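Respectively, the protein sequence lines represent chains Y and A.
Heads up, the final residue of the first sequence is numbered 466 in the working numbering, and it's a clean run with no missing numbers.
Heads up, the final residue of the second sequence is numbered 412 in the working numbering, and it's a clean run with no missing numbers.
Just so it is clear, CB atoms sit at the ideal spot from N, CA and C, and this is done for glycine as well.
As the structure is a prediction and not an experimental result, all values here were calculated from the model.
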Amino acid sequence: MNRMRAAMIVTAVIIAIWQAIVWIAGTPHFILPGPVRVASTLFDNLDLIGEHALVTVSEIVIGLLLGTILGIATAVNLATSKTARTFLLPVLVFSQAIPVFALAPVLTLWMGYGLAPKILMTVLIVYFPIASAFYDGLTSTPRGYLDLAQSMGASKTRIMTRVRIPAAIPSLATGLRLAAVYAPIGAIIGEWVGASQGLGYLMLLANGRAKIDLMFAALVVLAVITVALRALVNLFCRRVLSRWSSDLARVDETPRMV
Amino acid sequence: MGHGAAGIVTDAPAITLHGECDIGGRKLFPSINLEIKAEAWTCLLGSSGAGKSTILRALAGLEIGGSFTGIITASDGLPLPERVAFMAQDDLLFPWLSVLDNVCVGARLRGDKLEIEHARQLIAQVGLGDQITQKPETLSGGERQRVALARTMMEDRPVILLDEPFSALDARNRAEMQELAFDLFKGRTILLVTHDPVEAARIADTLFVLSENGLTAVDAPDTPPIRSFEDPSALQCQARLLTILRGTP
Numbered sequence: 209m210n211r212m213r214a215a216m217i218v219t220a221v222i223i224a225i226w227q228a229i230v231w232i233a234g235t236p237h238f239i240l241p242g243p244v245r246v247a248s249t250l251f252d253n254l255d256l257i258g259e260h261a262l263v264t265v266s267e268i269v270i271g272l273l274l275g276t277i278l279g280i281a282t283a284v285n286l287a288t289s290k291t292a293r294t295f296l297l298p299v300l301v302f303s304q305a306i307p308v309f310a311l312a313p314v315l316t317l318w319m320g321y322g323l324a325p326k327i328l329m330t331v332l333i334v335y336f337p338i339a340s341a342f343y344d345g346l347t348s349t350p351r352g353y354l355d356l357a358q359s360m361g362a363s364k365t366r367i368m369t370r371v372r373i374p375a376a377i378p379s380l381a382t383g384l385r386l387a388a389v390y391a392p393i394g395a396i397i398g399e400w401v402g403a404s405q406g407l408g409y410l411m412l413l414a415n416g417r418a419k420i421d422l423m424f425a426a427l428v429v430l431a432v433i434t435v436a437l438r439a440l441v442n443l444f445c446r447r448v449l450s451r452w453s454s455d456l457a458r459v460d461e462t463p464r465m466v
Numbered sequence: 164m165g166h167g168a169a170g171i172v173t174d175a176p177a178i179t180l181h182g183e184c185d186i187g188g189r190k191l192f193p194s195i196n197l198e199i200k201a202e203a204w205t206c207l208l209g210s211s212g213a214g215k216s217t218i219l220r221a222l223a224g225l226e227i228g229g230s231f232t233g234i235i236t237a238s239d240g241l242p243l244p245e246r247v248a249f250m251a252q253d254d255l256l257f258p259w260l261s262v263l264d265n266v267c268v269g270a271r272l273r274g275d276k277l278e279i280e281h282a283r284q285l286i287a288q289v290g291l292g293d294q295i296t297q298k299p300e301t302l303s304g305g306e307r308q309r310v311a312l313a314r315t316m317m318e319d320r321p322v323i324l325l326d327e328p329f330s331a332l333d334a335r336n337r338a339e340m341q342e343l344a345f346d347l348f349k350g351r352t353i354l355l356v357t358h359d360p361v362e363a364a365r366i367a368d369t370l371f372v373l374s375e376n377g378l379t380a381v382d383a384p385d386t387p388p389i390r391s392f393e394d395p396s397a398l399q400c401q402a403r404l405l406t407i408l409r410g411t412p
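Right under this line is the structure:
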């Protein structure tokens, strides 16, 4: 586990620099608390932070699942139906010109302060990378595979389910990895705009009351959640999706941005 | 049938292709008349881009990226595309399926009943009986092409179209595959598109060279295929082919 060791070293160095800045600049703890203070706040408030983290995690997971299902359905539909391509594709592409974050206040206005607008926000953020990556995969099936299937007398439906979809699984994995990175952003933005629970809410609250150490503690937990989600999605791609592609099993060997 | 494994091939037809082909307004080849004999190996040679693969794709009823004007007829008057199996230079194995599932892929794609036992026999015949559950990525290039050969046999079609299937293999594997294919495909009508005069002179019953001027029939060796590498008539035939392929200097 060389990468694990490297990650630990980097983390230690960053914490050391952080502590050094606090010592050298002598920043007051309500501007930049040191790592020790943040850690002790984290442990003192474990229950409080855990409660809010649970809310955020459920928003992220539900949003990611729904967004993935919707994205997959859209991609298959687009790849199958010429009508869908003609009418839906331009709408989809144009919709990406709207910054999804700008919709957050509207969603809160319409759907209230509960989980729903945060989940929808996450769905909106996750949906496009999944749909576009999978659609790309579905439309770039190697010509030879299609020729072979056609010469064997396969129906269009079977070519889709037995050739095009399995051949596009590596593209879906790429989309999923992106989505896992974006999903927490959606939930947090949703919580910032209006919420009564969740890590985003807790961070705003702590900030407003100059409890910067609590804000940092919540931020650390959020970072841990994001990293854990990425690791889980990577594991899923390697273990489950790799049945369709040998490339995915080797993915972990090379560092990637997302 | 050699090895008595595959079902009985009834009436492998002779095929005639008469016509010309345009791709993007450019004439790929002028009007040609290709006669493919029943139950024999017809080899089609020619330089890259001469349109050999296009002919093969037209016969298989596949998209050719241009327009073919002419007629393709089978000697028994029945339609051709659904009686054709094809094999290309790329093995086209699905990486997500095992060797056995790849060989059975035709039945899966049609929703037919799987004939697992027959598939096992064919895989054993191509020498991969021990690798039946492996994924293609674990196989060498030669082994992968053997799986493709078994898959082609599994289709049990009377007409087999081969698009340079052995050209990416090393000399030994290539020779072995030629012999294996010759045995397995006995009694079927075969069109082999190839770059390799050695291969053509070794295996062909009938020989054609395609160029921008059209189709040239070349005398095949007078010994029966499959010929040994020392066969003098095959060597002479190689020389004839090389001369034609080289063109006038």
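Asked                                                                                                       : Found
Proximity below 8 Å, CB of A/L324 to CB of A/L354                                                           : yes
Assigned secondary structure, Y/F424 (DSSP; H/G/I helix, E/B strand, else coil)                             : helix
For A/W204, the first and last residue of its enclosing beta strand (DSSP E)                                : 204 to 208
Reduced DSSP category for Y/P325 - H, G, I as helix; E, B as strand; rest coil                              : helix
Separation of Y/A376 from Y/A287, as counted between CA atoms                                               : 11 Å
Backbone CA spacing between A/A367 and Y/F302 [nearest angstrom]                                            : 58 Å
Residue-chain proximity (A/E306, chain Y), Cβ-Cβ < 8 Å                                                      : no
Three-state secondary structure (DSSP) of A/L180                                                            : strand
Residues in the stretch 350 to 363 of chain Y having any Cβ partner in chain A nearer than 7 Å              : G352, Y353, D355, L356, A357, Q358, S359, M360, G361, A362
Through-space distance from A/A270 to A/K276, alpha-carbon basis                                            : 6 Å
Coarse secondary structure for Y/T294, derived from DSSP in three states                                    : helix
Classification of A/H327 by the beta-carbon crowding that lies within 10 angstroms, buried from 16 upward   : Contrary to the premise, residue 327 of chain A reads as Glu rather than His in this sequence. Answer is buried; the Cβ neighbour count reaches 16.
Beta carbon of A/A223 nearer than 8 Å to that of A/F231                                                     : no
Within chain A, the residues that Y/R370 reaches when beta carbons sit closer than 7 Å                      : R271, L272
Own chain residues within Cβ distance below 6 Å of Y/I333, not counting five before or after                : V308, Y390, G394
DSSP beta-bridge partners of A/L370                                                                         : A/C206, A/V381
Y/M360 - DSSP class collapsed to helix/strand/coil                                                          : coil
Contacts that Y/R366 makes with chain A (C-beta to C-beta distance below 9 Å)                               : R271, L272, R273, G274
With 16 other Cβ atoms within 10 Å as the buried cut-off, status of A/A169                                  : Confidence at A/A169 is low in this model, with a pLDDT of 43, below 50, so its placement is unreliable and no value can be given for it.
Cβ-Cβ distance between Y/L386 and Y/F342 below 8 Å                                                          : no
Any chain A beta carbon closer than 8 Å to Y/R447                                                           : no
4 or more residues per run - each alpha helix (DSSP H) lying fully within the stretch 262 to 350 of chain A : 262 to 266, 268 to 273, 279 to 288, 304 to 318, 334 to 347
Range covered by the beta strand (DSSP E) that runs through A/K190                                          : 189 to 199
Sequence-distant residues of its chain with Cβ nearer than 6 Å to A/T236 (five each side left out)          : T179
Y/A357 versus A/L263 - alpha carbon distance                                                                : 17 Å
Own chain residues within Cβ distance below 7 Å of A/G304, not counting five before or after                : A331, L332
Buried/exposed call for A/T301, threshold 16 Cβ in 10 Å                                                     : exposed
Which residues DSSP lists as bridging A/W247, in chain order                                                : One point to set straight first is that residue 247 of chain A is Val, not Trp, in the sequence displayed. DSSP lists A/V322 as partners of A/V247.
Any chain Y beta carbon closer than 8 Å to A/A223                                                           : yes
With 16 other Cβ atoms within 10 Å as the buried cut-off, status of A/P387                                  : exposed
Where the alpha helix (DSSP H) through A/F231 begins and ends                                               : A/F231 -> not in any alpha helix (DSSP H); beta strand (DSSP E) instead, spanning 230 to 237.
Chain-ordered chain Y contacts of A/V247 [CB-CB under 8 Å]                                                  : S359
CB contact below 8 Å: Y/P374 versus chain A                                                                 : yes
Straight-line gap, Y/F424 to Y/V401 (C-alpha atoms, nearest Å)                                              : 19 Å
Residues bridged to A/L355 [DSSP beta-bridge criterion]                                                     : A/C206, A/L325
Endpoints, alpha helix (DSSP H) assigned at Y/G394                                                          : 373 to 401
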